[in-house]
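A.B. asks: In the UniProt record's numbering, the protein residues as written are 1 to 115.
1. Ends of the alpha helix (DSSP H) at residue 53?
2. Classify residue 81 as buried or exposed, calling it buried when 16 or more other Cβ atoms lie within 10 Å of its own Cβ.
3. For the candidate residues 114, 51, 45, whose alpha-carbon lies nearest to that of residue 65?
4. Can you tell me whether residue 70 is helix, strand or coil according to DSSP?
5. Within 10 angstroms of its Cβ, does residue 83 collect 16 or more other Cβ (buried), or is it exposed?
6. Which residue comes first and which comes last in the beta strand (DSSP E) that contains residue 100?
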């Protein structure tokens, strides 16, 4: 029970930090990847580097959260909090999943956070 409360508090704290940095010039964006049908079988050689880059962007404060959609695992989503979506375009261009044709298409959409 205590561990669950701690995890909840940490999650709220992380979201609060992200929301507080959304003021000023920063905006939220959703990056959505559409994956190849056999992503679970093909991602192995590239997954470590893909995740390492995402974690680095999170540690630098650009990514709020991200992960794959499930049932089916046909897409992935990242929430960015940045001043310029060019940073997201560069993230995509250098992502091992994109470079190795695991992403069939992607979209970047500005997101207005209300609650």
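All residues carry an ideal CB built from backbone N, CA and C; glycine is no exception.
C.D. replies: This is what the structure holds:
1. If you number the chain shown from 1, residue 53 lands on position 53. From DSSP, the alpha helix (DSSP H) with residue 53 extends over 44-59.
2. If you number the chain shown from 1, residue 81 lands on position 81. It is buried - the Cβ of residue 81 has at least 16 other Cβ atoms within 10 Å.
3. Along the chain shown, one-based indexing puts residue 65 at 65. Among 114, 51, 45, the Cα nearest to that of residue 65 is on 51.
4. For the purposes of this step, residue 70 is taken as residue 70 along the chain shown, with counting starting at 1. Coil.
5. In the chain shown, counting from the first residue as 1, residue 83 sits at position 83. Classification for residue 83: exposed.
6. Along the chain shown, read from residue 1 onward, the residue named residue 100 stands at position 100. Per DSSP, residue 100 belongs to no beta strand (DSSP E) and is neither H nor E.
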